[in-house]
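So the protein lines, in turn, are chains A and B. Quick note on numbering that gives the first Met the number 0: the first sequence kicks off at 0 and runs consecutively. Quick note on numbering that gives the first Met the number 0: the second sequence kicks off at 0 and runs consecutively. All C-beta atoms in this analysis are idealised placements derived from N, C-alpha and C, irrespective of residue type, glycine included. The structure displayed is predicted, hence computed values, not measured ones.
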Amino acid sequence: MLSVTQKRDGWSQKALPKNYDYTSNLDTWPWATTMPHVVIVGDRGSGKTTVLALLYAAQVKSGATRADDFRFHVGLESLEEISEVFQQLMSGSFPDSAAKEGISSITFHIASRKAGLGLLSRLRSQGWNPGASASLHFVLLRNLDDEMARYRIGGSLVNTKLRDVLESDAMIILVDSTKLVASGQEDPVAAMTTYDAAVESLVSAVQRSRGRGSARRFHPIFIFSKFDSVHKEALRRAELDSAPPAIRETTRRAAYARALLDTNLKKSITRITAREVQGVRFATPSYFFSRVTTEAATGDRKERVRLRQTQGGGWEPDYSADEYLALLESLRKLAIEAGG
Amino acid sequence: MPCALLGDRASGKTTFLGLLYSAQVKYGTGVQDDFRFHAPIQSLNLMSAVYEGMKDGRFPSATLKEEITELGFIFGYLRKVVGKLPYYIRQQNWARPFSTLRFSAYDVSGEDIEEFIETGIASRPLIQQLLKSVVVVVLVDCSKMTTEIDTPAYKKMLRYDSTVAKLLVAFQTYKKQEYDRLKDSGVKAEAPRIYPAFVLSKFDTLKDDVLARLGLHRGFPESKRQRKEYAEALLRVFVPQTLSQIRGGKIAGVSMDRAAYFLSWVRTETQEGMDPVGQSRIVRTGFAPEGGGEADFSYDEYVEFIEHFRDIAHKIPDEILEAEKFQAQALVRSA
């Protein structure tokens, strides 16, 4: 069952158990729904929980505006954990280990409505019906290496998380910007190398798990976490500006991100952007840049999240809100496309 | 129609109930006679004690608060059509002159509700009773509204926001489950709806700097729309998760869109230039033909609160009766 490409790659040779049915139908699994599954992968400490918490913070803010043009609902099973990390962020702390452990998956139901329906209140109201919303199920894959190792020894089918991964509609790949290096600076034993191999292996597993000519598209999403802490030297050597191009400048933005990924996550980005493998087509990757302003640790106080005042007079973490809103919109579109 | 009251520790739940009772007494003895209320004896005993204390200038004592686990009133609103009938017909029971609303306050700890949040099963009757509520009254303590992020009050409010958001989603989940159950059993039921009411308690303690920062003035507007905007400006800052989950209810299939907002304040004695020592005392009104010697509080707001439920009481009973009829059928079947 291993493809030729994989046989060349020592790391991923044993990545998938031989008895795994790659063409099995998603609908036959008990948890299966039309709700798109988004897997979040990231190196240890890359900020997976923080990203999810900031995505929630962006929703809370958008969902409570005067304009009332965005609404969301969080299932009871997910709210306990996500509101805990939200509280921590709003208190100026990063998610603690207990809160991180608590979050393994989360479901959001989101809806937004077009402007200009102000007078047509009935239509406006219908825009919020459950049928008009998009649902997204996020799965956090912690310790990617461990997960893959467990998978390699064959216990995969009882590992629902890995099923989630293989049948997911999108994968958010976190790139810890503090670990980025410039071309020519690569260190073969750097943490990014191992991570790159693990992500590449996972992506190829996803590819193989789809049936030939599968209509479902897989959406790779790269999030450069901690981008405010990226090494300036890495950007300078790559001849990049200190800030990425604006969200709407998609082409320039992609080029900016690729300049970093081609050096740091070479295998993964090559795999993702390869034209077509076994008839499986990946969607064009999208790129987002996350930052949270922090206050340096002092004495007995840990590094803290800086809070900033909002227009309404309250507080919120000082983060790249626009990036998260763009991410949210892109996920909403993805969910609609997937019929979630 | 069951109605639940949610409030943080020391947010003024008992005071709110005491003031509501005072307003009921005054409003229910007005000349118009289109609002009446009834309270079971246990509730009446407790509320009378709170009422008496307030007339004596005292806030409810801790012992009295502890005695409250479930407290109920039945509000009766004269039906519009019946109100136009001659007096002697109006008095006949067959005319069903009043639409009723059962207002209950439960003292339920966070741990009690945790079971439902974690398992999705409400096994305890009190929790089931609570989750059946169609009206959810949320007390938001204005004395804890601060823009100083490193204060305990700020953190308390953050925690309270999470708790209320979770509770509201618990209500939505339960309602949706019940609705789906009814639908699966062939009972035609309307899409579930919860009526939230926010009471900004201790409004007189809201700090000027908070209002200034939010661009609000001290007076609460009169028009319904402006009241909503004013209150939501506060909720957006201090309980954003709650506000967003109220709106998000519609996405979950349980509309909570018809939220209403009220203020609660009670004037307390202050001595100029001195900080109050111990529990402050309630200022009482002077005697006048319409009554007197009562706590000086936001009476008009409480009347608004009582009146808010008039429409709901007229509308809801059919749905509730439908659900109760189904439950009775289910019981007969299982017997």
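Residue i touches chain B at which residues, Cβ-Cβ below 8 angstroms?
i, result
"A/SER132", "ILE250"
"A/MET191", "Within 8 angstroms Cβ-Cβ: nothing; A/MET191 doesn't reach chain B, min ~36 angstroms."
"A/ARG70", "SER243, ARG246, GLY247, LYS249, ILE250"
"A/ASP67", "ARG246"
Who are the near neighbours of residue i in its chain, counting only those whose CB is closer than 7 angstroms to its CB and skipping five residues on each side?
i, result
"A/LEU333", "PRO35, ASP168, ALA169, HIS218"
"A/THR293", "GLU302, ARG303, VAL304, ARG305"
"B/ASP140", "ASP7, SER10, GLY11, SER200, LYS201"
"B/ARG194", "Reading off the sequence, residue 194 of chain B comes out as Tyr, not Arg. Once the five neighbours on either side are set aside, the close Cβ partners of B/TYR194 are VAL133, VAL134, ARG257, ILE311."
"A/PRO94", "THR48, THR49, ALA52, VAL84, GLN87"
"A/GLY115", "Its pLDDT being 48, under 50, A/GLY115 is placed unreliably in this model, and the value from its coordinates should be taken loosely. Cβ neighbours of A/GLY115 beyond the five flanking positions: none."
"B/VAL331", "Residue placement at B/VAL331 is flagged as unreliable, the pLDDT there being 41, under the threshold of 50; the coordinate-derived value follows with that caveat. Closer than 7 angstroms at the Cβ level, and outside the excluded window around B/VAL331, lies no residue."
Who are residue i's beta bridge partners in DSSP?
i, result
"A/MET170", "A/VAL38, A/PRO219"
"A/ARG70", "A/ALA110"
"A/PRO284", "Per DSSP, none; premise fails for A/PRO284."
"A/TRP314", "A/GLN308"
"B/PHE197", "B/VAL137, B/TYR260"
"A/ARG303", "A/GLU294"
"B/THR267", "B/ILE281"
Could you give the residue range of the alpha helix (DSSP H) that holds residue i?
i, result
"B/SER243", "239-247"
"B/PRO151", "151-183"
"A/THR269", "265-272"
"B/ALA190", "Taken as a continuous stretch (DSSP letters only), B/ALA190 belongs to no alpha helix (DSSP H), as it is neither H nor E."
"B/LEU129", "124-130"
"A/ALA233", "231-236"
"B/VAL24", "12-26"
"B/VAL49", "40-54"
"A/ARG331", "320-337"
"B/PHE379", "This structure gives no information on residue 379 of chain B, because the portion of chain B shown stretches from 0 to 334."
"A/MET89", "75-89"
Quick check on the DSSP output: the beta strand (DSSP E) that includes residue i runs from which residue to which?
i, result
"A/HIS108", "104-111"
"B/HIS313", "That residue, B/HIS313, is in no beta strand (DSSP E); its alpha helix (DSSP H) goes 298-314."
"B/ILE73", "69-77"
"B/SER98", "97-105"
"B/ALA259", "259-262"
"A/ALA133", "133-140"
"B/ASP140", "134-140"
"A/ALA296", "Where A/ALA296 is concerned, there is no enclosing beta strand (DSSP E), given that its DSSP letter is neither H nor E."
"B/LEU4", "2-5"
"B/ARG212", "Not the beta strand (DSSP E): B/ARG212 falls in the alpha helix (DSSP H), residues 207-213."
Under 9 angstroms Cβ-Cβ, which residues of chain C neighbour residue i?
i, result
"B/SER161", "Annotation note: the requested chain C is absent from the structure, which comprises protein chains A and B."
List the residues of chain A whose Cβ lies closer than 7 angstroms to the Cβ of residue i, in chain order.
i, result
"B/THR172", "LEU75"
"B/ALA188", "Per Cβ cutoff of 7 angstroms: no residues; B/ALA188 is ~16 angstroms from chain A at best."
"B/LEU63", "Ordered by position in chain A, no residue passes the 7 angstroms Cβ test against B/LEU63, which lies about 32 angstroms from the chain."
"B/LEU181", "Those within 7 angstroms of B/LEU181 in chain A number zero; the least Cβ separation is about 17 angstroms."
"B/ARG212", "GLY312"
"B/LYS154", "SER90"
"B/ALA258", "Under the 7 angstroms cutoff, chain A gives no residues; its nearest Cβ is about 12 angstroms from B/ALA258."
Below 8 angstroms on C-beta distance, what does residue i contact in chain A?
i, result
"B/ALA164", "LEU78, SER82"
"B/ALA169", "LEU75"
"B/LEU157", "GLN86, MET89, SER90"
Please return the same chain residues whose Cβ sits closer than 8 angstroms to the Cβ of residue i, not counting the five positions on each side in sequence.
i, result
"B/ARG246", "MET255, ASP256"
"B/GLY71", "ALA38, PRO39, SER42, ARG101, PHE102, SER103, ALA104"
For residue i, go through chain A and note every residue whose CB falls closer than 9 angstroms to its CB, in chain order.
i, result
"B/ILE148", "MET89, SER90, GLY91, LEU306, TRP314"
"B/PRO124", "What B/PRO124 touches in chain A: nothing, since even the nearest Cβ is about 20 angstroms away."
"B/ILE116", "LEU75, GLU76, LEU78, GLU79"
"B/LYS227", "Those within 9 angstroms of B/LYS227 in chain A number zero; the least Cβ separation is about 10 angstroms."
"B/ALA232", "ARG65, GLY311, GLY312"
Sorted by chain position, which residues of the same chain lie with C-beta nearer than 6 angstroms to residue i's C-beta, five sequence neighbours on each side aside?
i, result
"B/LYS131", "PRO1"
"A/SER2", "Caution is warranted here: a pLDDT of 25 is assigned to A/SER2, below 50, making its placement in the model unreliable, and no coordinate value can be reported."
"A/ARG331", "ILE109, ALA133"
"A/GLY62", "PHE69, ARG70, PHE71"
"A/ASP321", "none"
"A/ALA282", "ARG216, HIS218"
Strictly below 7 angstroms CB to CB, what residues from chain B border residue i?
i, result
"A/GLY63", "Gly is not the amino acid found at residue 63 of chain A; the sequence shown has Ala there. Result: ARG235, PRO239, LEU242, SER243."
"A/VAL59", "PRO239, GLN240, SER243"
"A/HIS136", "Neighbours of A/HIS136 on chain B: none; closest Cβ ~15 angstroms, over 7 angstroms."
"A/GLY338", "Per Cβ cutoff of 7 angstroms: no residues; A/GLY338 is ~16 angstroms from chain B at best."
Can we count residue i as close to the ligand ATP, meaning its CB is less than 6 angstroms from some heavy atom?
i, result
"A/ARG141", "This structure lacks the ligand ATP, and indeed carries no ligand of any kind."
Can you list the residues of chain B that residue i reaches, using a CB-CB cut of under 9 angstroms?
i, result
"A/ALA110", "GLY247, LYS249, ILE250"
Any chance the region 200-218 of chain B sits against the region 279-286 of chain B, with 3 or more Cβ pairs inside 8 angstroms? no
Any contact between the region 300-307 of chain B and the region 20-37 of chain B? By contact I mean 3 or more CB pairs, one from each, below 8 angstroms. yes
Does the pairing of the region 68-76 of chain A with the region 229-248 of chain B give three or more beta-carbon distances under 8 angstroms? yes
Determine contact between the region 208-224 of chain B and the region 155-169 of chain B, defined as no fewer than three beta-carbon pairs at a distance below 8 angstroms. no
Sufficient close CB pairs (3 or more, under 8 angstroms) joining the region 295-302 of chain B to the region 166-179 of chain B: no
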